[in-house]
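Using our numbering, you'd call the opening residue of the sequence shown number 36 and step up by one each time. Backbone N, C-alpha and C fix where the C-beta goes; we use that ideal spot for every residue, glycine too.
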Amino acid sequence: MPRKPAIRMSPTEWRASHSLAAVYALRMLGMFLVLPVLALHAHSLIPDDAPPEQRAYMVGAAMGVYGLTQALLQLPLGMLSDRFGRKPVIYAGLAVFAAGCFLAAAAETPQMLIIARAIQGAGAVSAAVTALLADLTREEVRTRAMSMIGLTIGLSFSAGMVLSPVLSDLLGGVSGLFALMGALTLTSIVVVAAVTPNPACSRLHQDTQTQAGRIGEVLKNTQLLRLNFGIFALQSGLMAIFTVLPLALRELGWERAEHWKLYLPATLVGLVLMIPAIIIGETRNKLKPVFVSGIVLVLAAQAAMGGSTGSIWGITLCLTVYFIGFNILEASMPSLVSKIAPSELKGTAMGVYNTLQSVGVFAGSMMGSKMYALYGYHGAFAFCCAIVAVWLLLAATAPAPLPVKNLVFAVPEAHRADLPALARAVAAVAGVQTVSFSEDGQTLFVKALQHGFDEAELTPILIGEQPCP
36 MPRKPAIRMS
46 PTEWRASHSL
56 AAVYALRMLG
66 MFLVLPVLAL
76 HAHSLIPDDA
86 PPEQRAYMVG
96 AAMGVYGLTQ
106 ALLQLPLGML
116 SDRFGRKPVI
126 YAGLAVFAAG
136 CFLAAAAETP
146 QMLIIARAIQ
156 GAGAVSAAVT
166 ALLADLTREE
176 VRTRAMSMIG
186 LTIGLSFSAG
196 MVLSPVLSDL
206 LGGVSGLFAL
216 MGALTLTSIV
226 VVAAVTPNPA
236 CSRLHQDTQT
246 QAGRIGEVLK
256 NTQLLRLNFG
266 IFALQSGLMA
276 IFTVLPLALR
286 ELGWERAEHW
296 KLYLPATLVG
306 LVLMIPAIII
316 GETRNKLKPV
326 FVSGIVLVLA
336 AQAAMGGSTG
346 SIWGITLCLT
356 VYFIGFNILE
366 ASMPSLVSKI
376 APSELKGTAM
386 GVYNTLQSVG
396 VFAGSMMGSK
406 MYALYGYHGA
416 FAFCCAIVAV
426 WLLLAATAPA
436 PLPVKNLVFA
446 VPEAHRADLP
456 ALARAVAAVA
466 GVQTVSFSED
476 GQTLFVKALQ
486 HGFDEAELTP
496 ILIGEQPCP
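What follows is the structure, given as structure tokens:
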């Protein structure tokens, strides 16, 4: 059967998708640029005579406090955008983030750096940006638009890891990186103002936004809870690793500007091998085996890294294996959330997921630094292994998700008077698993099997050529 041609984005949708993906890229690139070098910078600001536990607290807080404030504010700011408008909230959030960047660039004490990082996290605009993109795109192309943002985040991570040591050296240290972050953020404000279209109207989009009153339903879903713990464990491990790994490289005699030689091959191999793994998982209904394999790779790499900090080749090998698993998991977990969550709760499920991701940033930074102060490298990596081992057990015992995809359609005006009849007609199409509607009755959510379902069969129902029972 010939494949149905994809619906083309309108010029407005194209501008909205690419400009907001660029905003994500600029902001996330700034965050990832400081990740590989921030621990060393924080240590340099702490007096040499500071007690080990105080040093651990300050380094951990400097690394992770932005995750705490982001976790606390990203959902409320998204809800405020419903009331005060998307762009005003985005402008305010980006301005707060930029202020935190410039304050961090000027910080001469660990306390000032911690305050600056907390201010950075307070500029949490991801929910508002997602809501604006939903306002500017039709239901039929929204998934494609959202995937652009996901792609830019992955590329920003890899670029930031590689460019960080080089740019840090060129810009006179980590303070220069923070100043660059601030400049990139101000550029993002210009992009939103000058390039991103203004929405004709704003409303709640249940497939992309959080519904505060239904968070409890998401928290009762045990499969989603496993994934929420998983992203918490993954981010905790990442941050714990980068609180101690730069120290190990310094002890091996590697200058900060040379670290890219290690990060470049590790991130490139991770990206290249992630792509076929995800394709196999999605197209051959092997998503759970691929997912569990990713956790095993992360766990094995973390366990081996604890005993490899004295060898640059050992660190390189472990980090390469780690990034293969990490990239597989980062790419597959949002897909798993969307497959498992009820269609009308997908936005709420992703909101909870993103919040736990930010909490993991904070917890991993604090615990990694503390365990290093108490037990050295082995302590930090033992913490990483412990939480990932629990996650592996939860993932291995979870039921495999159905091979489904989510489809979103605008409900034609002719059908809005009798939604139950439309639901029955759509549910009767082969391969359809669930049918639901948005609260305002304007959007149809369909969860259907990836194989055995033909989207073209819905067309005559939606346009009225086939009567509803």
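Nearest residue (CA-CA) to residue i, options the options
{"i": "V253", "options": "P377, A127 and G345", "result": "P377"}
{"i": "E490", "options": "Q105, P434 and L442", "result": "L442"}
{"i": "G217", "options": "A449, A140, V331 and F488", "result": "A140"}
{"i": "A74", "options": "A336, A159, A106 and A283", "result": "A283"}
{"i": "V464", "options": "A483, S52, D453 and W295", "result": "A483"}
{"i": "V325", "options": "N256, V387 and I313", "result": "I313"}
{"i": "L493", "options": "F472, A458 and E474", "result": "A458"}
{"i": "G487", "options": "V470, P495, F472 and G466", "result": "G466"}
{"i": "A228", "options": "Y126, G248, T257 and T245", "result": "Y126"}
{"i": "Q246", "options": "S54, T383 and L332", "result": "T383"}
{"i": "F416", "options": "L334, P455 and F361", "result": "L334"}
{"i": "D204", "options": "L287, V69, A366 and L479", "result": "V69"}
{"i": "S193", "options": "G399, T390, A456 and N362", "result": "N362"}
{"i": "L168", "options": "V209, F119, T243 and V481", "result": "T243"}
{"i": "F119", "options": "A163, M181 and P455", "result": "A163"}
{"i": "V94", "options": "A398, A456 and H413", "result": "A398"}
{"i": "L332", "options": "Y357, A57 and D453", "result": "Y357"}
{"i": "V58", "options": "L202, M181 and L115", "result": "M181"}
{"i": "I422", "options": "R62, Q270 and M63", "result": "Q270"}
Integer-rounded CB distance, given that residue j should sit under 8 Å from residue i
{"i": "A60", "j": "T187", "result": "4 Å"}
{"i": "I359", "j": "M309", "result": "7 Å"}
{"i": "P234", "j": "R121", "result": "7 Å"}
{"i": "L262", "j": "Y388", "result": "7 Å"}
{"i": "I149", "j": "A97", "result": "5 Å"}
{"i": "P281", "j": "V461", "result": "Not quite, the Cβ-Cβ distance comes to about 54 Å (not below 8 Å), so this is no contact."}
{"i": "A166", "j": "H240", "result": "7 Å"}
{"i": "S237", "j": "D117", "result": "7 Å"}
{"i": "I184", "j": "A366", "result": "Not really, about 13 Å apart at Cβ, beyond 8 Å."}
{"i": "G195", "j": "F277", "result": "With a Cβ gap of about 12 Å, G195 and F277 do not count as contacting."}
{"i": "Y412", "j": "G341", "result": "6 Å"}
{"i": "L454", "j": "F472", "result": "6 Å"}
Residue i versus residue j - alpha carbon distance
{"i": "P434", "j": "S45", "result": "40 Å"}
{"i": "A133", "j": "G476", "result": "40 Å"}
{"i": "F444", "j": "Q109", "result": "27 Å"}
{"i": "P438", "j": "Q485", "result": "6 Å"}
{"i": "Y92", "j": "M401", "result": "7 Å"}
{"i": "V372", "j": "E293", "result": "38 Å"}
{"i": "A268", "j": "L221", "result": "32 Å"}
{"i": "L190", "j": "S223", "result": "17 Å"}
{"i": "A408", "j": "R90", "result": "8 Å"}
{"i": "R249", "j": "L497", "result": "28 Å"}
{"i": "T478", "j": "R173", "result": "10 Å"}
{"i": "P369", "j": "M385", "result": "7 Å"}
{"i": "R38", "j": "E474", "result": "With a pLDDT of only 48 at R38, under the threshold of 50, the placement of this residue in the model should not be trusted, and no figure is reported."}
{"i": "G506", "j": "E88", "result": "The first residue shown for the chain is 36 and the last is 504, placing residue 506 beyond what the model contains."}
{"i": "E500", "j": "A456", "result": "Reliability fails at E500, whose pLDDT of 47 lies under 50, so the model's placement of it is uncertain and the value that follows must be treated cautiously. Cα-Cα distance, rounded: 14 Å."}
{"i": "V404", "j": "L354", "result": "The question names Val, but residue 404 is Ser in the sequence shown. Approximately 19 Å, taken between the alpha carbons."}
{"i": "K323", "j": "E286", "result": "39 Å"}
{"i": "T257", "j": "G251", "result": "12 Å"}
{"i": "V279", "j": "E379", "result": "42 Å"}
{"i": "A339", "j": "G349", "result": "8 Å"}
{"i": "L364", "j": "S161", "result": "20 Å"}
Cut-off 8 Å between Cβ atoms - residues of its own chain near residue i, not counting five sequence neighbours on either side
{"i": "L260", "result": "L254"}
{"i": "T351", "result": "L297, P300 and A301"}
{"i": "R50", "result": "V230, T231 and P232"}
{"i": "A424", "result": "L334"}
{"i": "L138", "result": "M147, I150, A151 and I154"}
6 Å Cβ shell around residue i - same chain, five flanking residues per side excluded
{"i": "G508", "result": "Residue 508 is absent from the model: the chain starts at 36 and stops at 504."}
{"i": "W289", "result": "none"}
{"i": "C27", "result": "No answer is possible for residue 27: it lies beyond the span of the chain, which begins at 36 and ends at 504."}
{"i": "G135", "result": "A151, I154 and Q155"}
{"i": "P200", "result": "R291, A292, H294 and W295"}
{"i": "K374", "result": "P436 and V439"}
{"i": "H76", "result": "V209"}
Residues of its chain near residue i, where Cβ-Cβ distance is below 7 Å and the 5 sequence neighbours each way are ignored
{"i": "T47", "result": "L171 and P232"}
{"i": "P502", "result": "Reliability fails at P502, whose pLDDT of 43 lies under 50, so the model's placement of it is uncertain and the value that follows must be treated cautiously. Excluding residues within five positions, none has a Cβ falling inside 7 Å."}
{"i": "W426", "result": "F264, G265, A268 and I330"}
{"i": "I42", "result": "E175 and V176"}
{"i": "A159", "result": "Q105, L108, Q109, L112 and G128"}
Residue-level contact to chain B via CB, residue i, 7 Å cutoff
{"i": "F361", "result": "Absence of chain B from the displayed structure is noted, only one protein chain being present."}
- Take every Cβ of the stretch 130-148, pair it with every Cβ of the stretch 72-84, and state whether three or more of those distances are shorter than 8 Å. yes
- Task: Check whether the stretch 304-317 touches the stretch 414-430, counting contact only when three or more Cβ pairs, one atom from each stretch, lie closer than 8 Å.
- Result: Contact fails: fewer than three Cβ-Cβ distances are below 8 Å.
- Query: Are the stretch 394-412 and the stretch 96-105 touching, with three or more C-beta to C-beta distances below 8 Å?
  - Reply: Touching, per the Cβ criterion.
- Counting Cβ pairs, one atom from each stretch, are 3 or more of them under 8 Å apart for the stretch 443-452 and the stretch 340-356? no
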